[in-house]
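Here the structure is laid out as structure tokens; the discussion comes afterwards.
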Ligand SMILES: [Zn+2]
């Protein structure tokens with residue numbers, strides 16, 4: 103399956119303005135009314151991609167899921183740690199969680215709700231990705 107970035111033919115670091123331009127360009131090619139090189143589903147694919155990428159919050163969630171998918175596909179877990187190796191931090195007044203410093207300047211974040219899943223035994227381990235580079239690690243209790 104192609105990523106939203108591949109569908110719009112932009113890089114994953116493209117700005118919102120660049121993505122918007124790419125979306126408009128694609129629309130012109132694929133709009134059902136124009137019937138130019140119309141492919142099944144291509145039009146809705148483009149719209150779904152744009153809907154996600156134009157929204158900062160949805161885009162960052164999507165990026166996160168892409169990084170995790172990559173980790174699983176390449177079967178790359180750079181490190182295995184315990185929740186107790188992580189630092190407990192209040193992320194903001196609503197969210198608390200755990201962080202762990204990456205070798206790059208980024209960090210891994212484990213949301214408190216996810217830590218609770220581990221603590222309750224509902225899941226055995228969880229793969230999280232660095233918020234800066236493409237490293238992944240596996241956390242267990
Ligand atoms: Zn990193």
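Residue numbers (our numbering): 103 to 243.
A virtual CB, placed ideally from N, CA and C, is assigned to each residue, including glycine.
- Between the beta-carbon of residue 184 and that of residue 243 there is about 7 Å, and that keeps the pair under the 8 Å contact cut.
- Excluding residues up to 5 positions away in sequence, 201 lie with their Cβ nearer than 6 Å to the Cβ of residue 191 in the same chain.
- Under DSSP, residue 200 shares a beta bridge with 190 and 212.
- Each residue's CA atom was taken as its position, placing residue 167 and residue 176 some 14 Å apart.
- Residue 239: not part of any alpha helix (DSSP H); member of the beta strand (DSSP E) spanning 238–242, first to last residue.
- For residue 237, the Cβ falls inside the 7 Å cut-off from some heavy atom of ligand 1.
- Where residue 146 is concerned, the enclosing alpha helix (DSSP H) starts and stops at 144–155.
- Exclusion of residue 169 from the 7 Å shell around ligand 1 follows from its C-beta lying no nearer than that to any non-hydrogen atom of the ligand.
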